[in-house]
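K.L.:
Take this structure, written in structure tokens, and hold onto it; I'll ask about it next.
In full-length UniProt numbering, the protein residues as written are 1 to 283.
Okay, structure coming up:
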């Protein structure tokens with residue numbers, strides 16, 4: 001189980017920030033105004049895309065138009081021009097799913113009315129065999145309507161994703177979206193949105209209901225083998241929650257072949273009442 005690599009920041013005029021400059025960085029190009037030039041990094045940009053809420057005019061899919069308009073809407077010297085999001089793509093996500101992965105992770109912002117532009121970059125690392133694959137995204141400060149950005153600003157983003165006293169909420173939402181993506185695409189990966197005080201990944205906690213569900217499947221697997229069939233031919237019927245829990249244990253369990261051992265571990269794990277929740281991204 002891995003720890004979610006996720007960062008969110010703000011672009012403000014008072015700090016010299018620029019939405020058009022950030023957009024140029026994400027696309028690895030020279031900005032339309034000529035102030036920012038990232039074209040030397042063009043080989044790092046695998047793909048980029050603008051995501052808009054439904055009904056917004058298609059002309060805003062042009063990053064230059066989108067972010068110039070966004071900056072025009074913010075007249076104050078200390079105005080918020082946009083929010084940045086950085087997310088690492090786990091090594092186990094194949095190249096063919098990178099676009100889909102980015103779209104699904106960023107869709108919640110679009111679904112709530114914000115414009116999002118993202119770029120996927122691949123950078124070389126000094127150590128190790130794997131490149132660093134990251135999503136660099138820019139989320140608009142204002143929500144959008146059919147004709148463009150809404151005239152009246154609000155604090156909807158803060159209320160929805162950054163509630164007071166729930167600083168980890170946006171991380172939790174992201175981890176849940178990632179884990180669901182892994183599950184439905186058959187990717188053996190799992191991320192947690194927070195760490196414990198010792199800095200280690202939190203151990204997942206299974207509800208009594210999930211423990212019993214896995215035990216039933218274990219008995220089904222044993223019977224299947226006793227009848228002369230191979231373990232790999234057994235087709236379990238796990239709920240989403242149970243499947244996600246097993247995926248979180250995939251680093252030390254080898255699929256169904258390790259279910260018997262998994263149940264032994266589950267008996268030693270802390271559990272919560274059946275009507276409770278799994279700890280971690282499944283809250």
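All C-beta atoms, glycine included, are put in the ideal place defined by N, C-alpha and C. The structure presented is a predicted model; accordingly, all values stated were derived computationally and were not measured.
Looking at the strands, I want to know which residues DSSP matches up with residue 73.
P.N.:
None; residue 73 has no bridge partner.
K.L.:
Answer yes or no: the CB of residue 48 versus the heavy atoms of the ligand ADP, is any distance below 7 Å?
P.N.:
Absence of the ligand ADP from the depicted structure is noted, as is the absence of any ligand whatsoever, leaving it without description.
K.L.:
If we ignore side chains and look at the alpha-carbon of each, how far apart do residue 237 and residue 229 end up?
P.N.:
Going from the Cα of residue 237 to the Cα of residue 229 covers about 17 Å.
K.L.:
Among residues of its own chain, excluding the 5 on either side of residue 189, which ones have a beta-carbon nearer than 6 Å to its beta-carbon?
P.N.:
Excluding sequence neighbours, residue 189 sits near 90, 92, 182.
K.L.:
Please work out which residues of its chain come closer than 6 Å, Cβ to Cβ, to residue 29, disregarding the five sequence neighbours upstream and downstream, and give them in chain order.
P.N.:
39.
K.L.:
Does the contact criterion of 3 or more C-beta pairs under 8 Å hold for the segment 142-152 versus the segment 55-63?
P.N.:
Cβ pair count under 8 Å is three or more, so yes.
K.L.:
For residue 190, name the three-state secondary structure that DSSP assigns.
P.N.:
Looking at residue 190 - three-state DSSP - the assignment turns out to be coil, as it is neither helix nor strand.
K.L.:
Determine contact between the segment 61-73 and the segment 94-114, defined as no fewer than three beta-carbon pairs at a distance below 8 Å.
P.N.:
They do not touch, by the three-pair rule.
K.L.:
Ignore the nearest five residues each way along the sequence and tell me which others in residue 24's own chain have a CB closer than 7 Å to its CB.
P.N.:
30, 31, 36, 38, listed in sequence order.
K.L.:
Rounded to whole angstroms, what is the Cα-Cα separation between residue 192 and residue 63?
P.N.:
Going from the Cα of residue 192 to the Cα of residue 63 covers about 33 Å.
K.L.:
Starting from residue 303, trace the beta strand (DSSP E) in both directions and tell me its first and last residue.
P.N.:
Nothing about residue 303 can be read from this structure; the chain reaches only from 1 to 283.
K.L.:
By how many angstroms is the C-alpha of residue 86 removed from the C-alpha of residue 115?
P.N.:
The alpha-carbon atoms of residue 115 and residue 86 are separated by roughly 16 Å.
K.L.:
Can you tell me whether DSSP reads residue 55 as helix, strand or coil?
P.N.:
Reduced to three states, the DSSP call for residue 55 is coil.
K.L.:
Looking at the secondary structure, which residues open and close the beta strand (DSSP E) in which residue 9 lies?
P.N.:
6-12 is the extent of the beta strand (DSSP E) around residue 9.
K.L.:
Can you tell me the Cβ-Cβ gap for residue 9 and residue 81, rounded? I've got them flagged as a contact below 8 Å.
P.N.:
Incorrect: roughly 12 Å between the Cβ atoms, too far for contact.
K.L.:
Would residue 235 be called buried (16 or more neighbouring beta carbons within 10 Å of its own) or exposed?
P.N.:
Answer is exposed; the Cβ neighbour count stays below 16.
K.L.:
Give the straight-line distance between the Cα atoms of residue 137 and residue 184, rounded to the nearest whole angstrom.
P.N.:
Cα to Cα, the separation comes out at about 24 Å.
K.L.:
I need the straight-line Cα distance from residue 47 to residue 213, nearest angstrom please.
P.N.:
Their backbone Cα atoms lie some 42 Å apart in a straight line.
K.L.:
Count the other CB atoms within 10 Å of the CB of residue 74; is the residue buried (16 or more) or exposed (fewer)?
P.N.:
Residue 74 is buried by the Cβ-count criterion.
K.L.:
If you draw a straight line from the C-alpha of residue 27 to the C-alpha of residue 186, how long is it?
P.N.:
Cα-Cα distance, rounded: 30 Å.
K.L.:
Tell me, which residues are paired with residue 85 by DSSP?
P.N.:
Beta-bridge pairing links residue 85 to 8, 137.
K.L.:
Helix, strand or coil: which one does DSSP assign to residue 224?
P.N.:
Reduced to three states, the DSSP call for residue 224 is helix.
K.L.:
Does the distance from the CB of residue 12 to the CB of residue 33 come in under 8 Å?
P.N.:
Not in contact: residue 12 and residue 33 (Cβ atoms no closer than 8 Å).
K.L.:
Are residue 83 and residue 125 close, meaning C-beta to C-beta below 8 Å?
P.N.:
No; because the gap between Cβ atoms is not below 8 Å, this pair is not in contact.
K.L.:
Within 10 Å of its beta-carbon, does residue 148 have 16 or more other beta-carbons around it, so buried, or fewer, so exposed?
P.N.:
Answer is buried; the Cβ neighbour count reaches 16.
K.L.:
Within 10 angstroms of the Cβ of residue 123, are there 16 or more other Cβ atoms? Answer buried if so, exposed if not.
P.N.:
So residue 123 ends up on the exposed side.
K.L.:
What is the C-beta distance between residue 121 and residue 49, in whole angstroms, given that I count them as a contact (C-beta under 8 Å)?
P.N.:
About 13 Å; that fails the 8 Å criterion.
K.L.:
Secondary structure at residue 118, three-state DSSP: helix, strand or coil?
P.N.:
DSSP places residue 118 in strand when its eight states are reduced to three.
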